[in-house]
Each structure stands twice: as C-alpha cells, then as structure tokens.
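Novice: So the protein sequences, as listed, match chains A and B.
Residue 105 is where the first sequence starts when you use our numbering, and the numbers rise one by one after that.
Residue 1230 is where the second sequence starts when you use our numbering, and the numbers rise one by one after that.
Virtual Cβ for every residue (Gly too), placed ideally from N, Cα, C.
As the structure is a computational prediction, the values presented were derived from the model and not from experiment.
Sending over a structure as structure tokens; questions will come in a sec.
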Amino acid sequence: EAGVAQSPRYKIIEKRQSVAFWCNPISGHATLYWYQQILGQGPKLLIQFQNNGVVDDSQLPKDRFSAERLKGVDSTLKIQPAKLEDSAVYLCASSLFGASTNEKLFFGSGTQLSVL
Amino acid sequence: EDQVTQSPEALRLQEGESSSLNCSYTVSGLRGLFWYRQDPGKGPEFLFTLYSAGEEKEKERLKATLTKKESFLHITAPKPEDSATYLCAPMFSGGYNKLIFGAGTRLAVHP
C-alpha cells in the first residue's frame, strides 16, 4: 500500500517569498491534515479537510497561509509571504474515515522549510 | 485549557536498560490516547491507541499503559534501533475528534 506522498522534500526561501507544498494522501482516505512541526516541538494542526471541505482551520494563520484540497484527493498548502518563524517541517497526514472517528493517522515524510 | 506534557525531554539508555516515558494530560472528553514514533527526517509512525484507564497494549519491547491523568510507555531491554522520538497525543472531543501532540521524548539507546 502506497503511503502519503509529499513534495518537495526540502525548500529554502528568503523571507517575504512565497512557497507551496503538495500532498497526495493514501488512496481512499477521506480526511487530510496539514501539521506544522517546529524543531523540538510536537506537530501542530494547521488545517483538517474531510473530503474537500474544511473541518478545522482554527490554527491556520489565514493572513499568510492558504490550503485547498482538489476534488477531495490531493492538497496544496501555500505560504505567502513567508516569515522567519515559518521555518519548520510541514507534515501531511491522512485517515480513512471522517473526523468523528478516533482512528490512527498516516503521515508523510514532510517538507522541511527554511526561511532565510 | 487542554494540555499535554511529556517527560523526560531526552533519555539516554544503555542497551538492555529498561525505562519508562511519561505523558501527562489535561483534556476534557478524552476519546483515546495515541503513541507515535518519529525517526529523524520522517513523519510520525503509529504505535498504539489506548481508550480507557487501565488499558495496556504491547508491541515487541514496548508496552503502553493509561490512567485517568497520564500514560506511560515502558521500554523493556531496549536496542539501538529503538532510538527515536516518542510522541503522545491525546484525542478529545470538541465537536469532532481533535489530537494534541506532546513535544516528545528523544530516546537514544547506546550499545
């Protein structure tokens, strides 16, 4: 079974530039999550989709971050403009059913973003 | 406020030296508690889910237990390949199920 795919693996940009990350969840998984993991911290949820609808985006800095899930499958997360404090690993995860269940999440390997 | 604290932050063990990692939490409406393992440069990998106080689950050298306020991950006779960061994540009900991840315990097992 193929896992959660993310690209790019690494990205280095200067502050005020824009960047986009891509995620392809496990086939058939209804729920997709984007997490931000700053060095030394646990993952923090940015946004959660169920199919192509947003379940939770309460911790997404909406003045600079945006995300979409096309046709309920792939997803992109964009930062525009980036700040130094956005340097982190951006993890995508998926789960089979909806947000009302307590099932496990499957994570991708993440995109490591460095903002200079 | 829902919080989760893991201790210690880092732990160094000799191969074969058993120990325990702690995860304490204050969440309302606990729906379950997850343990994940994270290797450097990779995403977290699922280990266990515990649902109620008194529950225990085992996998190879790892055993997870749950009380009403905390969870323990016991590592028996660890090997170098057990070196990783171990994350706990209580799930609570806030309209829908939400996870809060702790900062993790970085475990290093030396031969």
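Classify ASP160(A) as helix, strand or coil using the three-state DSSP reduction.
Specialist: The answer is strand: DSSP assigns ASP160(A) an E or B state.
Novice: In whole angstroms, what is the alpha-carbon distance linking ALA1306(B) and LEU200(A)?
Specialist: Computed Cα separation, rounded: 35 Å.
Novice: LEU1240(B) CB to nearest chain A CB: under 8 Å?
Specialist: Output row for LEU1240(B): interface = no.
Novice: Give the DSSP bridge partners of GLU1230(B), in chain order.
Specialist: Answer is none; GLU1230(B) lacks a bridge partner.
Novice: Look at the alpha carbon of ASP190(A) and the alpha carbon of LYS1327(B), and state the distance between them as a whole number of angstroms.
Specialist: Distance between the alpha carbons of ASP190(A) and LYS1327(B) is about 23 Å.
Novice: In chain order, what residues of the same chain have a beta carbon less than 6 Å from the beta carbon of PRO185(A), not counting five sequence neighbours either side?
Specialist: Only ARG120 meet the Cβ criterion.
Novice: Look up LEU1262(B) in the DSSP assignment and say whether it is helix, strand or coil.
Specialist: It is a strand residue.
Novice: Using a Cβ cut-off of 8 Å (strictly closer), state whether PRO112(A) contacts chain B.
Specialist: Chain B contact via Cβ: absent.
Novice: What residue range does the beta strand (DSSP E) around ASN1326(B) cover?
Specialist: Here the beta strand (DSSP E) through ASN1326(B) covers 1326-1328.
Novice: Less than 8 Å between the C-beta atoms of THR135(A) and GLN152(A), yes or no?
Specialist: Contact: yes.
Novice: Which value, in whole angstroms, describes the spacing of the CA atoms of LEU1242(B) and LEU1336(B)?
Specialist: In a straight line, the C-alpha of LEU1242(B) is about 8 Å away from that of LEU1336(B).
Novice: If you measure between the beta carbons of PHE222(A) and ALA192(A), is that distance less than 8 Å?
Specialist: Because chain A here runs from 105 to 220, residue 222(A) falls outside it and cannot be looked at.
Novice: Can you give me the C-alpha to C-alpha distance between PRO112(A) and SER218(A), rounded to a whole angstrom?
Specialist: About 12 Å.
Novice: Is it right to say VAL158(A) is buried, meaning 16 or more other beta carbons lie within 10 angstroms of its own, or is it exposed?
Specialist: When all chains shown are included, VAL158(A) counts as exposed.
Novice: Can you give the beta carbon distance from LEU1291(B) to LEU1279(B), rounded, assuming they're within the 8 Å contact cut?
Specialist: Going by Cβ atoms, the distance from LEU1291(B) to LEU1279(B) rounds to 12 Å, so no, they are not a contact pair.
Novice: Can you round the beta-carbon distance between LEU195(A) and GLY1283(B) to whole angstroms, since I take them to be within the 8 Å contact cut?
Specialist: That pair is no contact at about 32 Å.
Novice: Taking 6 Å as the limit between beta carbons, can you name the residues of its chain near ASP178(A), skipping five residues before and five after?
Specialist: Same-chain partners within the cutoff: ASN128.
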